[in-house]
Every structure is written in structure tokens, then in C-alpha cells.
Amino acid sequence: MRFAPIALLVIAAAATPAMGGPISYAICVTGCNAAEPPGSSAHNACMTYCFVNFFGSP
């Protein structure tokens, strides 16, 4: 399952709330882009998780 490394990255990003939402969100998105090809279902799921995690439900 390729999503496991992303989960670890997201946990690391979520563990640094002092950095602020937008900055942590940018780190999360950068991790998604590095880990999964943009446009893939795994990338879309990662991006959605980042958004929901830092900004709440759409």
C-alpha cells in the first residue's frame, strides 16, 4: 500500500500546528506532490486529506 508513507508525512505535518494552517497545508501538499503523480487517485485522496485536515470539511 503506497499510501503509508503519505500517512506518516501527514501525521508529521499535523503534529506541528504551531506553524499555522496555511503553512502546514503547503507542506502537506508538497508531500502529496512528491509521493504521488498528480492526477492519480492516491494524489487526489492525499490532497483531499490535506484540505480537510487543515481547513475543515469543504
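Heads up: the sequence shown runs through residues -20 to -1, 1 to 38, numbered per mature numbering (1 follows the signal peptide of the UniProt record, and there is no 0). Every residue gets a Cβ at the ideal spot worked out from N, C-alpha and C, and that includes glycine.
If you draw a straight line from the alpha carbon of residue i to that of residue j, how long is it in whole angstroms?
{"i": "alanine 6", "j": "alanine 22", "result": "17 angstroms"}
{"i": "alanine -3", "j": "proline 18", "result": "Confidence is the limiting factor: at alanine -3 the pLDDT is only 47, short of 50, which leaves the residue's position unreliable, though a coordinate-based value still follows. Their backbone Cα atoms lie some 28 angstroms apart in a straight line."}
{"i": "threonine 28", "j": "phenylalanine 35", "result": "10 angstroms"}
{"i": "serine 20", "j": "valine 9", "result": "14 angstroms"}
{"i": "cysteine 26", "j": "cysteine 12", "result": "6 angstroms"}
{"i": "alanine 15", "j": "cysteine 30", "result": "14 angstroms"}
{"i": "proline 2", "j": "valine 32", "result": "12 angstroms"}
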